[in-house]
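Taking it in order: structure first as structure tokens, then the write-up.
Residue numbers (our numbering), protein chains in the order written: chain F, 1 to 132; chain A, 1 to 141.
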């Protein structure tokens, strides 16, 4: 029996940044036992618009939205296996790490963090792979 | 005891797209392991000549995604089985043009994507990699 691919819609349309911002991406794609989550930016779940702040506040928002998206897909933060964090400034890494330590208090996922140029003036993009 | 997954190397049917080999780089174009295909980052190579193509980003992205489709077909998979894509651009200003071309390759239920900009090698304007589900047909020949 072949393994299937399916798109998992976020719990509210406002969290579907692909559709809300007109970008050609799904937010969560299931392939076999894994969920592949697109690079997430800080989105206000009430309006669907970008929520601009500090790197730390953007990280708080991204991880809160991620939690809701994973739980709606039948998964959870403690099923995240690998995270990629992209920062507009690596100087913010300690601030972002504080948020991560609170969000993943024990056995956090594997992670790579890079300082790169990010689109649209966002300070943080976080993508992850999780068990479904 | 769980059987260990086999790991096999993916080569493009068009050898001009095998940059790992032609540039003598320490990687292979892709690896299949069980149900998953992991492709190395691909760049703007002309499939007729094997030359790198620079210039307008739209053409670079079109070539790169076309080559990625070929690589997936060579592995018994296809673009509609792609799960995750990383699009890296040398210049952030190229995002809108990249998006325009990208949409055409993933018109429905696109994969999960992350886009960013950083230094790329060989003067390439883009580098694109993906994770995909293997095809239904079992292990390719």
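Virtual Cβ for every residue (Gly too), placed ideally from N, Cα, C.
Per DSSP, what are the beta-bridge partners of residue i in this structure?
{"i": "residue 82 of chain F", "result": "F/110 and F/129"}
{"i": "residue 117 of chain A", "result": "F/117 and A/89"}
{"i": "residue 102 of chain A", "result": "According to DSSP, residue 102 of chain A bridges with nothing at all."}
{"i": "residue 50 of chain F", "result": "F/43"}
{"i": "residue 22 of chain A", "result": "Note: residue 22 of chain A sits in no beta bridge, so no partner."}
{"i": "residue 9 of chain A", "result": "A/31"}
{"i": "residue 112 of chain A", "result": "F/26 and A/84"}
{"i": "residue 124 of chain F", "result": "F/87"}
{"i": "residue 122 of chain A", "result": "Note: residue 122 of chain A sits in no beta bridge, so no partner."}
Among the options, which residue has its Cα nearest to the Cα of residue i?
{"i": "residue 75 of chain F", "options": "F/10, F/124 and F/3", "result": "F/10"}
{"i": "residue 55 of chain F", "options": "F/68, F/126 and F/132", "result": "F/126"}
{"i": "residue 86 of chain A", "options": "F/13, F/15 and F/24", "result": "F/24"}
{"i": "residue 45 of chain F", "options": "F/32, F/13, F/26 and F/57", "result": "F/13"}
{"i": "residue 16 of chain A", "options": "A/24, A/4 and A/46", "result": "A/46"}
{"i": "residue 68 of chain A", "options": "A/125, A/82 and A/96", "result": "A/82"}
{"i": "residue 101 of chain A", "options": "A/4, A/65 and A/121", "result": "A/65"}
{"i": "residue 92 of chain A", "options": "F/116, F/15, F/66 and F/17", "result": "F/116"}
{"i": "residue 119 of chain F", "options": "F/26, F/50, F/28 and F/68", "result": "F/50"}
{"i": "residue 140 of chain F", "options": "F/16, F/107, F/15 and F/35", "result": "Nothing can be reported for residue 140 of chain F: it is not among the residues displayed for chain F, which extend from 1 to 132."}
{"i": "residue 58 of chain A", "options": "A/31, A/26 and A/124", "result": "A/124"}
{"i": "residue 80 of chain F", "options": "F/19, F/131, F/22 and F/20", "result": "F/131"}
{"i": "residue 70 of chain A", "options": "A/135, A/14 and A/136", "result": "A/14"}
{"i": "residue 61 of chain F", "options": "F/129, F/18, F/111 and F/99", "result": "F/99"}
{"i": "residue 73 of chain A", "options": "A/30, A/26 and A/55", "result": "A/30"}
{"i": "residue 113 of chain A", "options": "F/20, F/21, F/6 and F/28", "result": "F/28"}
{"i": "residue 189 of chain F", "options": "F/26, F/32 and F/19", "result": "In this structure chain F extends from 1 to 132, so residue 189 of chain F is not present and cannot be described."}
{"i": "residue 122 of chain A", "options": "A/79, A/109 and A/44", "result": "A/44"}
{"i": "residue 33 of chain F", "options": "F/40, F/97, F/22 and F/6", "result": "F/6"}
{"i": "residue 28 of chain A", "options": "A/52, A/35 and A/20", "result": "A/20"}
{"i": "residue 112 of chain F", "options": "F/84, F/63 and F/67", "result": "F/84"}
Which residues bound the alpha helix (DSSP H) around residue i?
{"i": "residue 74 of chain A", "result": "57-74"}
{"i": "residue 57 of chain F", "result": "55-72"}
{"i": "residue 40 of chain A", "result": "Taken as a continuous stretch (DSSP letters only), residue 40 of chain A belongs to no alpha helix (DSSP H), as it is neither H nor E."}
{"i": "residue 33 of chain A", "result": "Looking at the DSSP string, residue 33 of chain A is not in any alpha helix (DSSP H); the run it does join, the beta strand (DSSP E), is 30-33."}
Would you mind reading off the limits of the beta strand (DSSP E) that contains residue i?
{"i": "residue 100 of chain F", "result": "Note, residue 100 of chain F: premise wrong, no beta strand (DSSP E); alpha helix (DSSP H) at 93-103."}
{"i": "residue 132 of chain A", "result": "126-133"}
{"i": "residue 18 of chain F", "result": "Looking at the DSSP string, residue 18 of chain F is not in any beta strand (DSSP E); the run it does join, the alpha helix (DSSP H), is 17-20."}
{"i": "residue 31 of chain F", "result": "28-31"}
{"i": "residue 6 of chain F", "result": "5-8"}
{"i": "residue 4 of chain A", "result": "No beta strand (DSSP E) holds residue 4 of chain A; DSSP gives it neither H nor E."}
Would you check whether the ligand MN has a heavy atom nearer than 8 angstroms to the C-beta of residue i?
{"i": "residue 27 of chain F", "result": "This structure does not include the ligand MN; it has no bound ligands of any sort."}
Between residue i and chain D, is the shortest Cβ-Cβ distance under 9 angstroms, so that the two count as touching?
{"i": "residue 37 of chain F", "result": "Structure shown: chain D not included; protein chains present are F and A."}
Are three or more beta carbon pairs between the region 9-29 of chain A and the region 54-73 of chain F nearer than 8 angstroms? These segments do not touch.
Determine, using beta-carbon pairs with one atom in the region 21-39 of chain A and one in the region 122-132 of chain A, whether at least three such pairs fall under 8 angstroms. yes
Taking a Cβ distance cut-off of 7 angstroms, strictly less, list which residues of the region 80-102 of chain A are near chain F, in chain order. Listed in sequence order: 81, 83, 84, 92, 95, 99 and 102.
Three or more C-beta pairs under 8 angstroms: does that hold for the region 86-93 of chain F against the region 112-130 of chain F? yes
Residues in the region 3-27 of chain F with C-beta within 9 angstroms of chain A's C-beta atoms, listed in sequence order? 3, 4, 5, 6, 7, 18, 22, 23, 24, 25, 26 and 27
To be precise: take each residue of the region 98-127 of chain F, compare its Cβ to all Cβ atoms of chain A, and keep it if any distance is under 7 angstroms. Which residues remain? Answer set for the region 98-127 of chain F: 116, 117, 118, 119, 125 and 127.
Within 7 angstroms of chain F by C-beta, residues of the region 105-124 of chain A in sequence order: Here the close residues are 106, 109, 110, 111, 112, 113, 114, 115, 116, 117 and 118.
Which residues of the region 72-89 of chain F have a Cβ closer than 9 angstroms to any Cβ of chain A? Give them in chain order. 84 and 86
The region 35-47 of chain A: which residues have C-beta closer than 8 angstroms to a C-beta of chain F, in chain order? 35 and 36
Within 7 angstroms of chain F by C-beta, residues of the region 49-79 of chain A in sequence order: Answer set for the region 49-79 of chain A: empty.
Give the residues from the region 29-57 of chain F that approach chain A closer than 7 angstroms (Cβ to any Cβ), ordered along the chain. 29, 31, 32, 36, 37, 38 and 39
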